[in-house]
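Heads up: the protein sequence lines correspond to chains A and B, in order. Mapping of the first sequence onto numbering that gives the first Met the number 0: residues 0 to 225, in sequence order. Mapping of the second sequence onto numbering that gives the first Met the number 0: residues 0 to 225, in sequence order. Think of the CB as a built atom: it goes at the ideal place given N, C-alpha and C, for glycine as much as any other residue. From a predicted model like this one, the values you see are computed outputs, not experimental measurements. Below is one structure, written out as structure tokens; the observations come after it.
There are 2 protein chains.
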Amino acid sequence: MKSSDDAKMAKKMHPMPFTRIEVVVLSIIDSRLHVLLAKRAEAPYAGKWALPGGVVRIDLDGSLESAAKRVVAERLGMELPDMEQLCAVGGPKRDPRAAWALSIVFRALVRIDKISANPGKRIKSLTWCPVSEAATDRSLAFDHADLIERAVKTTRAQTNAMKLPAGLLEKQFTLSDLQTTCEQILELKLDKSSFRRKLDSRDLVVPVAGATKGGAFRPAQLYRLT
Amino acid sequence: MKSSDDAKMAKKMHPMPFTRIEVVVLSIIDSRLHVLLAKRAEAPYAGKWALPGGVVRIDLDGSLESAAKRVVAERLGMELPDMEQLCAVGGPKRDPRAAWALSIVFRALVRIDKISANPGKRIKSLTWCPVSEAATDRSLAFDHADLIERAVKTTRAQTNAMKLPAGLLEKQFTLSDLQTTCEQILELKLDKSSFRRKLDSRDLVVPVAGATKGGAFRPAQLYRLT
DNA sequence: TCAAAAGTGTTGCTTGTACACCCATGT
DNA sequence: ACATGGGTGTACAAGCAACACTTTTGA
């Protein structure tokens with residue numbers, strides 16, 4: 000028994016955690032940050048709101064990132080680019096289905112007009128909920144309110160550090176669009192002049208040659224991410 | 000079959016990833032950042048250097064953090080406080096023992112004179128390796144060189160952001176000690192005056208009343224973390 | 001009195017904030 | 001012309017880096 004198969008034996012003898020992906024999809028609706036919630040079709044927490052998520056499938060997934068992509072496709076019937084891994088949480092009490100549940104949490108930022116989410120497997124319906132409510136809503140399934148809170152906190156920190164929210168922007172955008180988006184994430188007003196100087200001192204955006212956009216006022220220069 | 004047991008069935012039918020904890024223990028030796036490596040006693044990679052790690056045990060562990068604590072105790076025969084979760088990586092090719100391996104990576108900072116690591120289960124011997132070598136050493140087992148590189152990068156970013164490396168400090172320390180430690184993590188010289196102004200503008204340390212420490216020169220005020 | 005390290009001060013530059021002001025456009 | 005949002009400039013404050021300087025100790 001003191002063989003090089005110890006590890007393999009250990010693996011076979013020790014049951015592994017019930018391992019899932021959960022996805023925090025954030026978007027801006029009516030000037031406020033919202034999170035996408037799915038109404039669960041099945042127990043546990045049937046009828047309750049939860050983050051869209053699913054089991055890691057070792058027969059299908061090549062990595063955690065591709066597992067997240069597959070889960071989004073199955074649950075929401077769409078693709079989400081730029082998903083970012085936030086953290087992993089695990090413990091014996093997280094999910095009544097399993098003795099021990101592990102979740103790898105991803106976050107995506109996406110424009111509401113670019114998304115075409117439809118309730119997929121095991122999901123009765125979808126809704127967008129303001130993050131301020133979701134993060135404190137004790138009626139959410141599992142520990143998902145905590146996960147949402149962490150995701151929002153991380154997103155705000157990144158925006159403060161001038162990591163631009165690519166998923167919330169059009170391919171081309173005006174600097175005012177960009178600033179407004181950041182302000183809505185942070186829920187605070189930014190100074191136009193400061194914001195722009197930061198942008199170009201760090202070479203975060205480049206003007207798109209000759210392109211502008213009209214209204215009932217002066218047209219704005221369009222930019223894209225570098 | 001369209002019952003509330005679908006999820007449970009899915010769980011039973013889908014094998015779960017081989018789920019492990021890996022620990023990047025960093026310390027400063029001879030003024031340079033080193034990482035603790037363990038020589039593997041068994042296949043795969045028998046005789047190769049790897050990060051200390053172990054399987055998540057759902058019968059023993061109450062959380063990922065306590066799993067990390069247990070793994071350190073088993074492999075190194077000691078306790079490590081302040082372990083921080085860095086990331087999770089997973090995929091089918093990471094570990095020949097399993098069809099799909101998932102690792103949750105933790106990092107610890109520890110004073111070399113406070114540590115009493117002894118080779119534990121499945122470990123032949125331990126060594127400290129300069130991080131600059133370890134991060135690029137293609138002979139390390141699994142993808143551990145990558146994990147080390149990520150851990151070091153994160154640690155440097157945190158130090159730059161003035162997150163003090165608690166584990167690398169005595170309970171009481173001089174400001175010069177603290178500065179030297181940060182310099183050794185970052186591998187660059189810092190300005191004394193700037194460093195100190197940052198410390199007290201952010202209230203990161205407090206002087207320990209009346210305590211000082213002698214040498215062949217002027218004694219220094221002792222401080223502790225807030 | 002000298003070396004060594006502690007600790008403080010000065011100067012100039014960079015960055016951030018607040019706010020004012022001009023510019024281009026459609027109505 | 002004027003309202004509207006785009007875009008730029010200025011003035012002040014805060015922060016940081018480099019460097020010089022003073023202080024306190026044991027030898």
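Option in the options with minimal Cα separation from residue i
| i | options | result |
| --- | --- | --- |
| alanine 67 of chain B | B:Ile20, B:Leu187 and B:Ala140 | B:Ile20 |
| leucine 35 of chain A | A:Leu187, A:Ala150 and A:Ala45 | A:Ala150 |
| alanine 97 of chain B | B:Pro14, B:Phe216, B:Ser65 and B:Ile57 | B:Pro14 |
| glutamate 73 of chain B | B:Pro118, B:Asp145 and B:Ser131 | B:Pro118 |
| leucine 238 of chain B | B:Arg196, B:Thr154 and B:Ala156 | The requested residue 238 of chain B is not part of the displayed model; chain B covers only 0 to 225. |
| alanine 134 of chain B | B:Gln84, B:Ala140 and B:Asp145 | B:Asp145 |
| leucine 63 of chain A | B:Pro80, B:Pro91 and B:Ala45 | B:Pro91 |
| alanine 40 of chain B | B:Arg121, B:Leu85 and B:Gly214 | B:Arg121 |
| proline 80 of chain A | A:Ala107, A:Arg155, A:Ile28 and A:Ala210 | A:Ala107 |
| alanine 42 of chain B | B:Pro95, B:Ala156 and B:Ile28 | B:Pro95 |
| tyrosine 44 of chain B | B:Asp199, B:Ser192, B:Asp60 and B:Leu139 | B:Leu139 |
| glycine 250 of chain B | B:Lys188, B:Ile57 and B:Thr126 | Residue 250 of chain B lies beyond the residue range present for chain B, which begins at 0 and ends at 225; the question has no answer from this structure. |
Cutoff 6 angstroms; reference residue i; Cβ partners in own chain excluding five residues on either side
| i | result |
| --- | --- |
| serine 115 of chain B | Met77 |
| valine 88 of chain B | Ser102 |
| serine 26 of chain B | His33, Val109 and Ile111 |
| aspartate 136 of chain A | Ala144 |
| tryptophan 99 of chain A | Pro16 and Pro91 |
Cα-Cα separation, residue i to residue j
| i | j | result |
| --- | --- | --- |
| glutamate 182 of chain B | arginine 110 of chain B | 15 angstroms |
| alanine 160 of chain A | arginine 201 of chain A | 11 angstroms |
| serine 124 of chain B | leucine 50 of chain B | 12 angstroms |
| histidine 33 of chain A | phenylalanine 172 of chain A | 21 angstroms |
| methionine 12 of chain B | valine 55 of chain A | 12 angstroms |
| threonine 158 of chain A | valine 24 of chain A | 16 angstroms |
| serine 30 of chain A | proline 129 of chain A | 10 angstroms |
| valine 22 of chain A | isoleucine 147 of chain B | 27 angstroms |
| threonine 211 of chain A | threonine 180 of chain A | 19 angstroms |
| phenylalanine 194 of chain A | proline 16 of chain A | 45 angstroms |
| arginine 155 of chain B | isoleucine 28 of chain B | 17 angstroms |
| glutamate 132 of chain B | alanine 37 of chain B | 15 angstroms |
| leucine 189 of chain A | aspartate 199 of chain A | 16 angstroms |
| asparagine 48 of chain B | lysine 191 of chain A | The sequence given here places tryptophan at residue 48 of chain B; asparagine does not occur at that position. Computed Cα separation, rounded: 53 angstroms. |
| alanine 219 of chain A | lysine 113 of chain A | 22 angstroms |
| isoleucine 57 of chain B | alanine 215 of chain B | 55 angstroms |
Residue i CB to nearest heavy atom of the ligand FMN below 7 angstroms
| i | result |
| --- | --- |
| histidine 33 of chain B | Among the components modelled here there is no ligand, and therefore nothing to report on the ligand FMN. |
Sequence-distant residues of its chain with Cβ nearer than 7 angstroms to residue i (five each side left out)
| i | result |
| --- | --- |
| threonine 225 of chain B | Asp202, Leu203, Val204 and Val205 |
| arginine 217 of chain B | none |
| leucine 85 of chain A | Val104, Phe105, Arg106, Arg149, Ala150 and Thr153 |
| glycine 53 of chain A | Arg19, Ile20, Val70, Glu73 and Arg74 |
| leucine 59 of chain A | Arg69 |
| glutamate 83 of chain B | Phe105 and Arg106 |
Beta-carbon proximity list for residue i, same chain, < 8 angstroms, skipping 5 on both sides
| i | result |
| --- | --- |
| aspartate 142 of chain B | Val88 and Arg93 |
| arginine 223 of chain B | Lys170, Gln171, Phe172, Val204, Val205 and Val207 |
| leucine 168 of chain B | Arg110, Asp176, Leu177, Thr180 and Leu224 |
| leucine 221 of chain B | Gln171, Phe172, Thr173, Pro206, Val207, Ala210, Thr211 and Lys212 |
Task: Short-range partners of chain B found in the region 11 to 22 of chain A, where Cβ spacing is below 9 angstroms - done: His13, Pro14, Met15, Pro16, Phe17 and Thr18
- [ ] May I ask you to list, following chain order, the residues of the region 98 to 114 of chain A that have a beta carbon less than 7 angstroms from some beta carbon of chain B?
- [x] Ala98, Trp99, Leu101 and Ile103
### Query
If we count Cβ pairs, one from each stretch, closer than 8 angstroms, do we get three or more for the region 156 to 171 of chain B versus the region 184 to 199 of chain B?
yes
Quick one, which residues of the region 51 to 69 of chain A are near chain B if we go by CB-CB under 7 angstroms, in chain order?
Val54, Val55, Arg56, Ile57, Gly61, Ser62 and Leu63
Please list the residues of the region 71 to 102 of chain B that have a C-beta atom closer than 8 angstroms to any C-beta atom in chain A, keeping them in chain order. Gln84, Cys86, Ala87, Val88, Gly89, Gly90, Pro91, Arg96, Ala97, Ala98, Trp99 and Leu101
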